[in-house]
Amino acid sequence: MRLKQTLNTFLHSRSFLFIIVFFAITAFIPLLLRDNFFLTVMTLITIFSIYAASWNFLANSGQGSLGHAVFLGVGGFASAIIGSSISKAAVNFLGTSQMPVGGLSAIILIVALLLGGLLSAGVGLLIGLACIRLKAWYLAMVTFGFSVIAATLSSQFDSITQGINGYTTTTLVTKGYPFYLLVVLFALTSISVMYFIMNSRIGLALRAIHGNETEAKMIGVNTTKYKLLAFVISTFFAGLSGGLYTYFIRLIDNSIFSPANSFLPLIMSVIGGLGTVPGPIIGSIFFVSIQQISTLPSVVDSLNGALGPYFPSVSNVGPPLSLLTIGIILIIIVIFAPKGLISIFHKIYKYLMSEQKNNKETKPK
Amino acid sequence: MDLTAPTIILTLVWGVAIGCVYILLATGLNIIFGVMKLVNFAHGQLLMISAFLTWTISVSLGLNAYLAIIISMIIVALLGIVVERFTFRRVLGTDKLNEIFVSLGLIYIFENVAMLIWGASSKQVTSPFYGMSVSLPGFSITYDRVIAVFVVVAALATFGLLLWKTKIGLAMRATSQRNTTATLMGINVQRVYMFTFAIGAALAAVAGGLYGVIYPFDYQVGALPTIIAFAIIIMGGLGSIKGAIIGGLLYGITEQMATLFLGGTWGSAVAFTLLIVVLIIRPNGIFGEKED
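Just so you know, the sequences run in chain order A and S.
With the first sequence counted from 1, adding 144 to any position gets you the numbering used here.
With the second sequence counted from 1, adding 4 to any position gets you the numbering used here.
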């Protein structure tokens, strides 16, 4: 009964409307702008929105992970391997020579992605159990340690993962717009679900734990259960985004466990606004845009033309320059606007609103 | 695999040599943590910057590599002061996560500035003793690794004297116990923080110079040593210098032994497994304080 009520309020809330409208627009923009580069950027933004949101969800319970790449990688490898085996089995069963790209293969892809997410959540449960008593930097260190171990294990069991040379995925949904639509659909569902949980009683318990774990325990919150739950939910969606990412770039290798991939969702969430729903999305738009624009041939040429002579040992100044910019912006945001870009937007919005109000009030009748 | 006694002894000696470099890094991280209650995740990037500086100074000025380390140490200590003043001081005392975020931003800045200046290819500092080694029955070890051990011992002895025999060392120890009380005793805590960070950075710089002499390095070399140093101070006990020394030697030997017995990729994985096991049993480290 209570769940139904919460669901009802959720479905009628403004934020849910925002998510729906936002993703509806996101889904249709690439139709107007028929450009491959733009579509790539949009797909990456949407995939990383899920990834960043999953990290943000975990951070909301006070647990900051520095090893989320483990789940990105586990989800990616699992869904790639599962997708290939199911489609092979399907080809054998149907007796066709090749996998038809259509409804059936889309279902296979969705099943593979969900299974990848579930496996990632399973790994998340185990790592969560190991981390349950750890806090702040201890937790950060241990989760980071798991990403090093994951990379080692993946190269050790190379016969399964083929992570050294890279595992090529089976194409199940046509690349380009169809795949993008699938990604948007997944993002819409994932972010809505996470938002819903954050606003339910579970979310309340998690925020209480974040506020003060001892006090939360005192008022009767089963902190162990809720912290583990947060870990499992977060790692499920991280695994899902890993699967989507793998099927998007069609190749996965051991570098997916790199520290840079673990830092990614954290930086996105912090830049956008930690603990908020639009935060990770805004951060993802910001991060992916800066990174992708720096790879555009025209930008690369002008950057190299202007700065190349000063940095003779680098052939292309674009990528390091974009990452440098992101580092500087991250520090500026943490120091001057700890609530992220979204708080700046809020301030501007409020300022504009009050300006309007003042104008109305001071107008002579 | 050749598991004769000399191989094992050689592995042990290598473990001690690389362990010494980690000890310096860990001691720097440890003193910053002890005094400021701050974990600087970008500590390994100071090591990386110092390795590059040592390389540049020894190449462009034609200086002896070990003299270059001293110059690089001074530069990195100044860099540490700048970093503390403009970033960490602003977030100290706010949410613990903010310190991690600032460190990450610093990692991005250091690594990409290093890549812009020095490029992506790996380099190694040419030591004046290049190719020379001490021959002992059964195995031989390069002069550079032996010198590294002595440099580390000298650096730690200087650091110990500074901490236990000088006034600023007393102020650092007082601040590490309780900074508010230290303020009441007339200690300028801000200045102690600045000094501590500079010392920590200088220790990382010496470690970086030695690392650059022993191993080839590139702009991404800093990430793993930070984590290793952190693992060491957790195993040895936060704030304990003796613990860091024992932890560093243990780590270096474990890593080299794991590489010898299980193969190259296992070195860091085994060490991290050790860290995780320690933390699962004792969430605040072996000698860590009980949570409040």
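Here a beta-carbon is modelled for each residue, glycine too, at the ideal position from N, C-alpha and C.
These numbers come from a predicted model, not from an experiment.
The contact set of alanine 227(S) on chain A, defined by CB atoms closer than 7 Å, consists of Pro403 in chain order. Three or more pairs of CB atoms, one per stretch, sit closer than 8 Å, so the segment 403 to 419 of chain A contacts the segment 212 to 223 of chain A.
Of all alpha-carbon atoms in Ile104(S), Ile111(S), Ser139(S) and Val155(S), the one lying nearest the alpha-carbon of alanine 284(A) is that of Ile104(S).
Judged by beta-carbon spacing, threonine 184(S) lies beyond the 7 Å limit of valine 39(S), meaning their Cβ atoms are not closer than that value. Among the residues of chain A, those whose CB is under 7 Å from the CB of threonine 277(S) are Ile293, following chain order.
In this structure, the CA atom of glycine 419(A) is about 6 Å from the CA atom of asparagine 200(A).
Under the Cβ criterion of 7 Å, alanine 382(A) is not counted among the residues facing chain S. In this structure, the straight-line span from the alpha carbon of methionine 136(S) to that of threonine 146(S) is close to 6 Å. The alpha-carbon separation between isoleucine 476(A) and proline 10(S) amounts to approximately 54 Å. DSSP places threonine 185(S) in the helix class (H, G or I) of the three-state scheme.
Identification of chain A residues near methionine 239(S) by a Cβ-Cβ cut-off of 8 Å yields none; the smallest Cβ-Cβ distance measures about 11 Å. In the three-state scheme derived from DSSP, where H, G and I count as helix and E and B as strand, threonine 420(A) is classed as coil.
No Cβ-Cβ contact shorter than 7 Å links phenylalanine 154(A) with phenylalanine 162(A). According to DSSP, leucine 395(A) shares a beta bridge with Thr312(A).
Per the coordinates, the alpha-carbon of phenylalanine 37(S) lies some 15 Å from the alpha-carbon of glutamine 194(S). Looking at the DSSP output, lysine 127(S) bridges to Phe221(S). Of all residues in the segment 48 to 62 of chain S, none has a C-beta nearer than 9 Å to a C-beta of chain A.
No Cβ of chain S is located within less than 7 Å of the beta carbon of tyrosine 195(A). When only Cα atoms are considered, glycine 220(A) and tyrosine 391(A) end up about 8 Å apart. Between isoleucine 377(A) and isoleucine 426(A) a beta carbon distance of about 22 Å is seen, past the 8 Å cut, so the two are scored as non-contacting. Taken in chain order, the unbroken stretches of alpha helix (DSSP H) that lie wholly in the segment 167 to 243 of chain A and span 4 residues or more are 180 to 203 and 213 to 238. Each of Ile492(A), Arg394(A), Ile396(A) and Asn343(A) was checked against the Cα of serine 157(A), and the nearest Cα belongs to Asn343(A). Residue environment: serine 54(S) is assigned as buried (16 or more neighbouring CB atoms within 10 Å of its CB, all protein chains considered). Your pair glycine 383(A) and serine 498(A) does not check out as a contact, with CB atoms roughly 44 Å apart and the cut at 8 Å. Around the beta carbon of serine 144(S), fewer than 16 other beta carbons sit within 10 angstroms, so the residue counts as exposed. Looking at the DSSP output, serine 144(S) bridges to Ser139(S). Here serine 428(A) is near serine 193(A), since their CB atoms are less than 7 Å apart. For tyrosine 339(A), not one C-beta of chain S is nearer than 7 Å to its own C-beta.
Here the segment 277 to 295 of chain A makes contact with the segment 227 to 237 of chain S; the two share three or more CB pairs at distances below 8 Å.
Of all residues in the segment 81 to 108 of chain S, only Phe90, Thr91, Arg94, Val95, Thr98, Asp99, Lys100, Leu101, Asn102, Glu103, Ile104, Phe105, Val106 and Leu108 place a beta-carbon less than 9 Å from a beta-carbon of chain A. The alpha-carbon separation between valine 443(A) and glycine 462(A) amounts to approximately 8 Å. Rounded to the nearest angstrom, the Cβ distance from serine 126(S) to phenylalanine 221(S) is 6 Å, consistent with a contact under 8 Å. Glycine 355(A) counts as exposed, since fewer than 16 other beta carbons sit within 10 angstroms of its beta carbon. Minimum Cα-Cα distance from asparagine 180(A) among the listed residues Ile353(A), Gly310(A), Ala349(A) and Pro322(A) corresponds to Pro322(A). Secondary structure of leucine 496(A) (DSSP, three-state): helix.
Counting of Cβ neighbours within 10 angstroms places arginine 149(S) among the buried residues, the total reaching 16 or more.
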